[in-house]
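Before any comments, here is the structure.
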Amino acid sequence: MSILQCNKRRNSFDIREINIMSVLAIAFPVEAAVPVAQSLIGATVALMRPLLGLGVLVTLLMVFKPLVMGIVRAAVVLVVPRKSLEQRVRQHRFNGVKMVNRMANDYSRSQPSFAAELRNLAASDR
839 MSILQCNKRR NSFDIREINI MSVLAIAFPV EAAVPVAQSL IGATVALMRP LLGLGVLVTL
899 LMVFKPLVMG IVRAAVVLVV PRKSLEQRVR QHRFNGVKMV NRMANDYSRS QPSFAAELRN
959 LAASDR
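If you're matching positions, the sequence shown starts at 839 in the numbering used here and goes up one per residue.
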């Protein structure tokens with residue numbers, strides 16, 4: 839009986855050893871692949887982090903768009919103040935005079951009398 843028990847123990851030991859070997863046969867390639875997987879995951883996270891931050895920034899800008907636009911307008915008014923009504927009217931008239939003089943220069947060769955009338959119109963102070 840002792841021989842049978844010894845064989846049974848030996849067989850069970852062999853089965854455990856086989857199970858351990860089969861697990862190790864799977865574990866060794868996985869262990870070799872872990873650094874590669876870690877580097878791929880790290881690269882993916884490194885690429886996704888700025889995209890996530892940009893998404894958060896865009897979301898915040900969309901939520902607070904009226905506030906941001908008000909701040910931008912206030913900054914523009916600080917840097918470039920709005921012209922007075924008189925200055926804007928004077929600028930508009932000056933642009934009109936420049937336009938009429940350009941038209942007169944265009945017509946000066948083909949219709950000199952019309953060009954002279956345009957120059958007189960531009961020179962008149964209304």
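Each residue gets a CB set at the ideal place from its N, CA and C atoms; glycine is no exception.
Note that the structure is predicted; figures quoted are calculated from it, not measured.
Burial state of residue i (16 or more Cβ within 10 Å)
i	result
residue 820	Outside the shown range of the chain, which is 839 to 964, sits residue 820, and nothing can be said about it.
residue 942	buried
residue 956	buried
residue 950	exposed
Residue i: first and last residue of the uninterrupted alpha helix (DSSP H) it sits in
i	result
residue 931	923-945
residue 919	Premise fails: residue 919 is in no alpha helix (DSSP H) and is neither H nor E.
residue 951	950-961
Inter-residue CB distance, residue i and residue j (contact presumed, cutoff 8 Å)
i	j	result
residue 935	residue 960	5 Å
residue 910	residue 899	About 11 Å; that fails the 8 Å criterion.
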